[in-house]
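First residue of the sequence shown: 349, per the working numbering; consecutive thereafter.
Glycine included, each C-beta is placed from N, C-alpha and C at the ideal position.
What follows is one structure encoded as structure tokens, with my remarks underneath.
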Amino acid sequence: MDKKPFRPNRKPTKDNRKGMKNAGFIALVVLFGLIIFAATSQPSPLKQIPVSTAVQQANDGQYSKIAVKSNELQITKKGEDKPSLKSYLEPNATLKDQGFNANKFELLAAPLNSSSSTWINAGLSILPLVFIVGIIFFMLRSAQGQGNQAMSFGKSKAKLYGNEKGKVTFNEVAGSEEAKQDLEEVVEFLKFPKKFEGVGARIPKGVLLIGPPGTGKTLLSRAVAGEANVPFFSISGSEFVEMFVGVGASRVRDLFAKAKKNAPCIIFVDEIDAVGRKRGSGMGGGHDEREQTLNQILVEMDGFDQGENVIVLAATNRADVLDPALLRPGRFDRRVNIGLPDRKDREAILKVHFKNKPVSKNVDLDSLAAKAAGSSGADLANIANESAIIAARNGHTEISQHDVTEAFERVAIGPERKSKVMSEADKATTAYHEAGHALVGHVLPDSDPVHKVTIIPRGGTGGVTWFIPPEDRMYVSLVQFKDVLARGMGGRIAEEVILGKDRITTGAGSDLQNAAELARDMIVNQGMGTKLRDQVFKSDDGMMMERMMSDRQYSDQTAKIIDEEVEGLIKEAADRARAVIKANLSKLEALKDRLLEKETVDSEEVAEILAGSKLPTSAAQY
Ligand code: ADP
Ligand code: ZN
Ligand code: MG
């Protein structure tokens with residue numbers, strides 16, 4: 349039931365050049381290493397042993413290293429310098445699941461002997477050339493005085509924020525009450541681990557913060573560290589993307605080793621989606637580095653033990669693209685959702701950022717908060733900072749209302765407009781649209797109750813109306829489906845009734861899509877048509893290719909009737925929604941007004957505003 353704003357495709361672009369600068373040099377070093385490796389050691393085949401044997405010998409302390417790639421283990425025995433055994437984990441099992449005690453050996457994500465012999469041969473044959481180019485390259489680099497930089501590329505660049513410096517607490521994070529509550533618990537884990545272990549509770553290792561950019565995910569993570577008074581190591585997933593195979597994994601290893609030394613502490617992985625995308629989803633390879641880095645993170649997380657007390661917080665704005673392996677129990681199994689702030693929270697955030705600035709008494713932060721709908725916390729911080737800059741430039745000693753207005757205009761509407769502040773007209777359209785969904789859903793007898801309505805953009809949509817199913821349901825009836833269709837049309841129809849039939853907007857795009865899919869499913873798979881009652885038809889969804897290959901199991905005549913049936917359901921839903929909205933215009937207006945004022949309205953308030961709405965006979969079910 350969401351309203352999608354129409355936005356031209358604007359993809360963020362990344363600066364690719366940075367990583368390329370060291371490319372030649374590092375490639376040479378790697379190649380060189382490979383050649384030396386090949387010259388000094390003949391790779392011998394690994395002996396395969398059952399995983400149970402491996403567990404036993406590992407926990408016995410017989411191994412020095414275990415390298416993991418997906419479920420293959422390559423084992424180096426103590427006293428040997430390369431792997432001589434291999435074994436396989438059971439599908440989907442982690443080292444821990446199998447019973448390995450990770451303290452007894454060192455864990456590596458990259459296989460130790462992954463180099464194939466063709467590579468080595470190629471390397472050997474161009475050895476002299478490599479040598480000469482390498483020397484020239486090295487001389488050039490030293491001439492620029494940068495030669496030593498490349499020597500530390502395997503070390504983690506994680507920034508450590510100590511306890512004293514730049515400490516952040518929850519006081520600096522305004523709004524986000526639910527997120528703060530969830531994270532309060534993490535603070536407790538860090539401060540009093542014994543309390544939880546005493547009663548046998550498993551302390552979570554990973555917490556995933558999900559929310560759009562600039563909503564304070566980094567800030568909240570630092571606040572957790574600040575509140576618990578523990579060190580905070582931060583690293584960004586995007587740092588790994590353009591590196592060479594093995595470097596990311598070694599940085600991760602280094603980072604976790606550092607963290608364990610400093611426990612209790614927090615590791616913060618920003619933009620984890622950059623390394624944590626579903627594996628094997630890319631087109632045409634080139635993802636080795638990413639996968640190894642991800643594998644290493646998983647290996648490290650599985651590796652630490654209960655008493656270790658290192659908690660990994662990770663941030664992303666795309667939880668849907670993450671590899672499911674990251675979300676398994678014992679990894680990032682807690683999620684904290686952070687949304688864009690509503691009006692009340694925006695005002696609180698503005699207050700935090702104007703707190704230490706000299707502000708004239710006439711500055712009205714409340715109305716600024718109202719105007720800035722759609723802004724993130726970072727946008728608001730930016731407005732506060734711009735206000736101070738503008739005030740200084742205008743020679744003011746305190747920030748005036750005029751400075752603030754100018755700052756808002758620059759950030760929100762100016763040339764470098766970054767935030768997506770909603771115009772008054774868009775806000776009103778969204779409010780009518782969402783009120784339409786809520787009203788129709790509230791009035792129709794077989795719809796679920798409204799849970800919450802908001803006109804704050806969320807996950808790419810202009811607003812959302814949530815309905816909660818009262819309890820877990822096994823079956824859905826035809827009348828329930830029809831009410832779902834009608835309330836789904838409620839947004840578009842509210843626009844049509846209020847704005848006029850030719851002033852409808854793109855905001856209903858995804859509603860119409862959902863309605864069309866549901867209606868087709870009802871006819872094709874559930875036998876819920878009028879002419880086509882109790883018959884099902886081989887569905888014709890799926891990939892284009894499949895559809896072309898598999899021949900349809902019904903005639904063109906039937907296909908036509910299916911289309912008519914679908915059309916009939918949609919039309920009926922629109923008519924019912926229209927009847928409800930026209931019969932309750934004053935209720936629609938009242939809910940719209942409340943939405944414009946508060947932006948988010950919960951179930952009780954919705955019920956209060958909509959109490960006494962009429963169900964017109966033409967919209968009732970028969
Ligand atoms: P994210 O990591 O979600 O992209 P950040 O934590 O980097 O967002 O936020 C950027 C800045 O925006 C913060 O440093 C802070 O100044 C401001 N900010 C964001 N959310 C809030 C908030 N809830 N309260 C106060 N300031 C905030
Ligand atoms: Zn909608
Ligand atoms: Mg951030």
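Measuring CA to CA, which of the options is closest to residue i?
i       : options                           : result
Glu648  : Lys606, Ser951 and Asn733         : Lys606
Lys946  : Leu443, Gly548, Ile558 and Thr802 : Thr802
Glu575  : Gly594, Ile614, Ala597 and Gly585 : Ile614
Leu698  : Thr566, Ala573 and Ala755         : Ala755
Val812  : Met822, Gly836, Ser825 and Phe829 : Gly836
Phe588  : Arg758, Ser598, Asn733 and Phe581 : Ser598
Pro439  : Glu420, Leu433, Gly427 and Thr424 : Glu420
Ile1008 : Arg758, Gly722 and Gly725         : Residue 1008 lies beyond the stretch modelled for the chain, which goes from 349 to 970, so this question has no answer here.
Leu455  : Val658, Gln640 and Val623         : Gln640
Val872  : Lys849, Ala842, Glu912 and Gln861 : Glu912
Ala938  : Asn665, Tyr780, Asp751 and Lys434 : Tyr780
Ser432  : Ser418, Pro393, Pro398 and Ala402 : Pro393
Ile397  : Lys434, Lys849, Ala732 and Asn519 : Lys434
Arg666  : Ile620, Thr401 and Thr753         : Ile620
Thr778  : Val572, Asn733, Asp408 and Gly810 : Gly810
Leu826  : Thr878, Lys692 and Asp429         : Thr878
Glu533  : Ser524, Gly523 and Phe544         : Phe544
Leu642  : Arg679, Glu656, Asn657 and Asn730 : Arg679
Glu843  : Ala783, Ala696, Leu944 and Val884 : Ala783
Arg691  : Gly960, Ser400, Ala867 and Arg942 : Arg942
Lys452  : Ala406, Lys430, Lys426 and Ile423 : Ala406
Pro561  : Ala696, Ala726, Val521 and Val824 : Ala726
Thr753  : Ala776, Lys775, Ala720 and His785 : Ala720
Pro797  : Lys444, Asp950, Glu915 and Ser400 : Asp950
Could you please give me the residues that DSSP links to residue i through a beta bridge?
i      : result
Arg625 : Leu670
Lys430 : BP columns for Lys430 are empty, so no partner.
Asp618 : Ser584
Asp950 : Lys800
Gln446 : BP columns for Gln446 are empty, so no partner.
Leu661 : Val555 and Phe616
Tyr411 : Lys425
Lys417 : Glu420
Which whole-angstrom value describes the C-beta separation of residue i and residue j, a residue pair presumed to lie in contact below a C-beta threshold of 8 Å?
i      : j      : result
Asp831 : Leu792 : 4 Å
Thr563 : Leu688 : 6 Å
His790 : Leu958 : 5 Å
Val600 : Ile645 : 6 Å
Ala864 : Ile929 : At roughly 21 Å, the Cβ-Cβ gap does not stay under 8 Å, so Ala864 and Ile929 are not in contact.
Leu833 : Ala921 : 4 Å
Ser569 : Leu661 : 5 Å
Gly838 : Ala925 : 5 Å
Phe537 : Ile659 : 7 Å
Gly523 : Asp693 : 3 Å
Val669 : Arg638 : In fact, because the Cβ distance is near 12 Å, the residues do not count as touching under 8 Å.
Mark residue i as exposed unless 16 or more other C-beta atoms lie within 10 angstroms of its C-beta, in which case mark it buried.
i      : result
Ala773 : exposed
Val954 : buried
Asn932 : buried
Ala740 : exposed
Thr965 : exposed
Ala968 : exposed
Lys362 : Model confidence at Lys362 stands at a pLDDT of 40, short of 50, so the residue's coordinates are unreliable and nothing is read from them.
Lys369 : Because Lys369 sits at a pLDDT of 46, beneath the cut-off of 50, its placement in the model cannot be relied upon, and the following sentence gives the value as read from the coordinates. It is exposed - the Cβ of Lys369 has fewer than 16 other Cβ atoms within 10 Å.
Thr517 : exposed
Ile816 : exposed
Ser795 : buried
Ser771 : exposed
Ser724 : buried
Ala549 : exposed
Met822 : exposed
Ile583 : buried
Glu512 : Here Glu512 scores only 43 on pLDDT, less than 50, and its place in the model should not be relied on; the value that follows carries that caveat. Glu512 is exposed by the Cβ-count criterion.
Glu428 : exposed
Gly722 : buried
Lys935 : buried
Thr566 : buried
For chain C, check one thing: does any of its Cβ atoms lie closer than 7 Å to the Cβ of residue i?
i      : result
Tyr902 : Annotation note: the requested chain C is absent from the structure, which comprises a single protein chain.
Counting Cβ pairs closer than 8 Å, one from the stretch 550-558 and one from the stretch 673-685, do we hit at least three? The stretch 550-558 makes contact with the stretch 673-685: 3 or more CB pairs, one atom from each, lie closer than 8 Å.
Could you say if the stretch 399-416 and the stretch 447-457 meet the contact criterion of at least three C-beta pairs nearer than 8 Å? Yes, since at least three Cβ pairs between the stretch 399-416 and the stretch 447-457 fall closer than 8 Å, the two stretches touch.
Would you say the stretch 740-754 touches the stretch 690-706, given that touching needs at least three Cβ pairs under 8 Å? Touching, yes.
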